[in-house]
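Quick note on my numbering: the sequence shown kicks off at 158 and runs consecutively.
Every residue, glycine too, gets a C-beta built ideally from N, C-alpha and C.
Here the structure is a predicted model, which is why all the values come from computation and not from measurement.
Only one structure is covered here, and it is reproduced in the block below.
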Amino acid sequence: MDYTKIIIFLLIVIVIMLVLGIAFLNPFSKETCNIEIMSMDSLYVGGQFSLYLSDSQGNPISNEEVAIAFVGSNNEIVNKKATTDASGNAVIALEALPAGTYSVSCSLLEDSKYQANSTSKQITIKDVTEKSTQSSGLSEDGYSYYPQYGPAVDRAGITREYAIANNWHYISLRIDGEDVGAYVPYDAKAGCYHT
Numbered sequence: 158m159d160y161t162k163i164i165i166f167l168l169i170v171i172v173i174m175l176v177l178g179i180a181f182l183n184p185f186s187k188e189t190c191n192i193e194i195m196s197m198d199s200l201y202v203g204g205q206f207s208l209y210l211s212d213s214q215g216n217p218i219s220n221e222e223v224a225i226a227f228v229g230s231n232n233e234i235v236n237k238k239a240t241t242d243a244s245g246n247a248v249i250a251l252e253a254l255p256a257g258t259y260s261v262s263c264s265l266l267e268d269s270k271y272q273a274n275s276t277s278k279q280i281t282i283k284d285v286t287e288k289s290t291q292s293s294g295l296s297e298d299g300y301s302y303y304p305q306y307g308p309a310v311d312r313a314g315i316t317r318e319y320a321i322a323n324n325w326h327y328i329s330l331r332i333d334g335e336d337v338g339a340y341v342p343y344d345a346k347a348g349c350y351h352t
């Protein structure tokens, strides 16, 4: 029996297994992701902060947890977490944050599928009594937009003029990287939307 051939064969098998193992466990083969902060620069206490998570091809990433850190002007840090929905959107409520200026950092930690990534933005959270929303278009709820700031026609065919005449607000929503928001009836007395 020729032991040299057996040893060479075993070495080839070992090399092939090492190459395959490195290919499957290579941290550089993980997908990149994009984190986009959807919220305006100016929000209101009790409003909502939203972001959108997508892969390198622009497809939404669902069921991923994003860490969000709000750093106030006094360097106090408020940490929150949000999980993306099927459309890649994640929303958190802002009722625990007082009015002020914050540096917001959103981070996706590296996991078995995606590389770590982060983004940041400076935002101002205003008291609801400061109703200077007409300049940004954001309504007092900090989530929807006054109709005059929405698109000419939404995805359901509702025109801006109809929305203005009927006090419908525009809610922005991203699916597959595109804004597919809609005008919805707003009841100012109840402070809610009717869909």
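- Approximately 15 Å separates the beta-carbon atoms of Ala247 and Asn236; this is outside 8 Å, ruling out the contact.
- Under the three-pair Cβ rule at 8 Å, the region 276-284 counts as touching the region 184-200.
- Proximity of the region 298-312 to the region 325-343 meets the contact definition, three or more beta-carbon pairs being nearer than 8 Å.
- Per DSSP, Ala247 is not a residue of any alpha helix (DSSP H); the beta strand (DSSP E) it occupies stretches across 246-250.
- The three-state secondary structure of Arg317, taken from DSSP, is helix.
- Between the region 251-268 and the region 165-172 there are fewer than three C-beta pairs closer than 8 Å, too few to call the two in contact.
- If you draw a straight line from the Cα of Asn216 to the Cα of Met197, it is about 22 Å long.
- Between Lys187 and the set Ile163, Lys283, Leu266, the nearest pair of CA atoms involves Leu266.
- Under DSSP, Phe206 shares a beta bridge with Ile249.
- DSSP places Gln279 inside the beta strand (DSSP E), whose first and last residues are 274-283.
- Distance from the Cα of Val202 is smallest, within the candidate group Ser269, Ile282, Ile163, for Ile282.
- Assigned with DSSP and collapsed to three states, Ile218 falls in coil, not helix or strand.
- Under the three-state reduction of DSSP, Lys162 is assigned to helix.
- Taking every protein chain shown into account, the CB of Phe227 has 16 or more other CB atoms within 10 angstroms, so this residue is buried.
- Sorting Asn231, Thr240, Tyr209 by C-alpha distance to the C-alpha of Glu222 places Thr240 at the top.
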